[in-house]
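Chains as they are written, first to last, in this note's numbering: chain A, 41 to 182; chain B, -1 to 187.
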């Protein structure tokens, strides 16, 4: 690159940064407050966004798997609820959280099963407390 | 995509609770997030939703990022996925055009956008590392057309005859910045 080219490239790079709406940065700075340091993150390891049923019954069930070190949380999303299981099974308490906070709480039974609902629009995540384990899933967007 | 060593430092500091390091990461990558949103035709509230989701995912990934250098690539993939989700949601209300090319994994135009963004990020980072007098001088030269030397001279206190050599020294310094070392094509030609 010649000096003139590098000056032009710099000018373009700085112009691109100046064009970013301030809201995009504000939202970014605010996101840091959501940092969870007390819970282990369960990463999304499978997402089968697969339509099931016949053509006459076009209900779509989305199945998600979140993997933490010692357990996984499997969930199925239907139109009105979230059905899930903690594997290996262990009883506990699970919360549905959106960006505003906790929106639903359910007990996880001896077989690891739980039902949460209704499913919020937009982003949400699950927060599980079962025995010694405190696990939070990645954010899910519907 | 590669990234310069200062990102490693920012990620480590943000991981240990330094909010200013996090803000610096946001500043650094906000243009990448925005550029991809624009590429998918998203702006306003749609782009803000995408950004919110991407930043939250990045926050929770802080502890598990092993290769901070891979961050731009991870961000780009995540922004793209969130844009596609936003477009799917919108499709229920408003028909959108043919998205098949947007969905494609091997999208040369998208790769090109990423490379351009990577270069922008490195250039801005290197610029920020320059001494104040260099940044001031170069900013005056960014104007299109560039400010006349007489004006630059009075604004910077640099004699007219020294502007050219100073500019060259500043640009050489910029080229040597480690942030730019990872980006091909900036060597002096």
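Where a beta carbon is used, it is the ideal one built from N, C-alpha and C, also for glycine. As the structure is a computational prediction, the values presented were derived from the model and not from experiment.
Interface partners of residue i on chain A, CB under 8 Å
i                     : result
residue 8 (chain B)   : Those do not exist, as residue 8 (chain B) stays about 12 Å from chain A at its closest Cβ, beyond 8 Å.
residue 72 (chain B)  : Chain A residues near residue 72 (chain B): none, gap ~13 Å exceeds 8 Å.
residue 166 (chain B) : 43
Segment limits, alpha helix (DSSP H) that includes residue i
i                     : result
residue 45 (chain A)  : 43 to 58
residue 64 (chain A)  : 62 to 71
residue 33 (chain B)  : 17 to 37
residue 46 (chain B)  : 42 to 59
residue 158 (chain B) : 158 to 174
residue 8 (chain B)   : 3 to 13
residue 65 (chain B)  : It is not in any alpha helix (DSSP H) - residue 65 (chain B) carries neither H nor E in the DSSP assignment.
residue 117 (chain A) : Run containing residue 117 (chain A): none in the alpha helix (DSSP H); it sits in the beta strand (DSSP E), 112 to 117.
residue 133 (chain B) : 130 to 140
Cβ of residue i within 8 Å of any chain B Cβ
i                     : result
residue 122 (chain A) : no
residue 181 (chain A) : yes
residue 91 (chain A)  : Here the model assigns residue 91 (chain A) a pLDDT of 48, short of 50, so the residue's position is not dependable, and the following value carries that caveat. No, its Cβ sits nowhere closer than 8 Å to a Cβ of chain B.
residue 159 (chain A) : no
residue 175 (chain A) : no
residue 169 (chain A) : no
Bounding residues of the beta strand (DSSP E) (the contiguous stretch that carries residue i)
i                     : result
residue 151 (chain B) : Unbroken run through residue 151 (chain B) is the alpha helix (DSSP H), 147 to 154; no beta strand (DSSP E).
residue 138 (chain A) : 132 to 138
residue 127 (chain A) : 122 to 127
residue 197 (chain B) : There is no way to answer for residue 197 (chain B), as the model of chain B reaches only from -1 to 187.
residue 177 (chain A) : 173 to 177
residue 150 (chain A) : First-last for residue 150 (chain A): undefined, no H or E at that position.
residue 169 (chain A) : 163 to 170
Neighbouring residues, chain B, relative to residue i (Cβ below 7 Å)
i                    : result
residue 68 (chain A) : 24, 28, 49, 53
residue 60 (chain A) : 28, 29, 32
is_contact[residue i, chain A] using C-beta, thresh 8 Å
i                     : result
residue 32 (chain B)  : yes
residue 118 (chain B) : yes
residue 128 (chain B) : no
residue 69 (chain B)  : no
residue 91 (chain B)  : Confidence at residue 91 (chain B) is low in this model, with a pLDDT of 49, below 50, so its placement is unreliable and the value that follows should be read with caution. Cβ-Cβ to chain A under 8 Å: no for residue 91 (chain B).
residue 188 (chain B) : Any property of residue 188 (chain B) remains undetermined from this structure, which presents chain B solely from -1 to 187.
residue 83 (chain B)  : yes
residue 112 (chain B) : no
residue 125 (chain B) : yes
residue 121 (chain B) : yes
residue 133 (chain B) : no
residue 98 (chain B)  : Below a pLDDT of 50, predicted positions are generally treated as unreliable, and residue 98 (chain B), at 45, falls in that range; the measurement from the model is reported next regardless. It does not: the Cβ of residue 98 (chain B) has no partner Cβ on chain A nearer than 8 Å.
residue 109 (chain B) : no
residue 95 (chain B)  : Because the pLDDT of residue 95 (chain B) is 47, which lies under 50, any placement of that residue in the model is unreliable, and the number read from its coordinates should be weighed accordingly. Not an interface residue.
Assumed close pair residue i, residue j - CB separation to whole angstroms, cut-off 8 Å
i                     : j                     : result
residue 49 (chain B)  : residue 68 (chain A)  : 7 Å
residue 107 (chain A) : residue 83 (chain A)  : 6 Å
residue 18 (chain B)  : residue 119 (chain B) : No, residue 18 (chain B) and residue 119 (chain B) are not in contact; Cβ-Cβ is about 19 Å, not under 8 Å.
residue 134 (chain A) : residue 148 (chain A) : 5 Å
residue 47 (chain B)  : residue 84 (chain B)  : 6 Å
residue 66 (chain B)  : residue 6 (chain B)   : 5 Å
residue 130 (chain A) : residue 170 (chain A) : 5 Å
residue 128 (chain B) : residue 81 (chain B)  : That belief does not hold up - the Cβ atoms of residue 128 (chain B) and residue 81 (chain B) are roughly 34 Å apart, past 8 Å.
residue 8 (chain B)   : residue 22 (chain B)  : 5 Å
residue 74 (chain B)  : residue 40 (chain B)  : Residue 74 (chain B) to residue 40 (chain B), Cβ: 15 Å. No contact.
Under 7 Å by beta carbon: chain A residues contacting residue i
i                    : result
residue 17 (chain B) : 72
residue 14 (chain B) : Those within 7 Å of residue 14 (chain B) in chain A number zero; the least Cβ separation is about 10 Å.
residue 21 (chain B) : 69
Where residue i meets chain B, residues with beta-carbon distance less than 8 Å
i                     : result
residue 178 (chain A) : 55, 58
Heavy atom of the ligand MG within 7 Å of residue i beta-carbon
i                     : result
residue 178 (chain A) : As far as ligands go, the structure on display features none, and thus does not contain the ligand MG.
Listed by chain order, chain A residues near residue i by CB distance under 9 Å
i                    : result
residue 64 (chain B) : The contacting residues do not exist; residue 64 (chain B) stays about 13 Å from chain A at best.
residue 40 (chain B) : By Cβ distance, chain A contributes nothing, its closest Cβ being about 11 Å from residue 40 (chain B), past 9 Å.
Contact set between residue i and chain B, taken where Cβ atoms lie within less than 9 Å
i                    : result
residue 81 (chain A) : 58, 59, 61, 62
residue 88 (chain A) : Near residue 88 (chain A) there are no residues of chain B at all, since even the closest Cβ is about 15 Å away, more than 9 Å.
residue 76 (chain A) : 57, 58
> Which residues, in order along the segment 135 to 151 of chain B, keep a beta-carbon less than 9 Å from a beta-carbon of chain A?
Replying inline: Cβ contacts with chain A: 136, 137, 139, 140, 141, 142, 144.
>> Residues of the segment 101 to 112 of chain A in Cβ contact with chain C at a cutoff of 7 Å, in chain order, please.
In response: Absent here is chain C; the protein component of the structure consists of chains A and B.
> Taking Cβ-Cβ distances below 9 Å as the criterion, which residues of the segment 131 to 149 of chain A are in contact with chain B?
Replying inline: Legend: CB atoms of the segment 131 to 149 of chain A lying less than 9 Å from CB atoms of chain B belong to residues 139.
>> Short of 7 Å Cβ to Cβ, which residues in the segment 41 to 55 of chain A face chain B?
In response: Listed in sequence order: 41, 42, 43, 46, 47, 49, 50, 51, 53, 54.
> According to a CB-to-CB cut-off of less than 8 Å, which residues of the segment 169 to 183 of chain B neighbour chain A?
Replying inline: Listed by position, the residues of the segment 169 to 183 of chain B near chain A (Cβ gap below 8 Å) are 169, 172, 173, 183.
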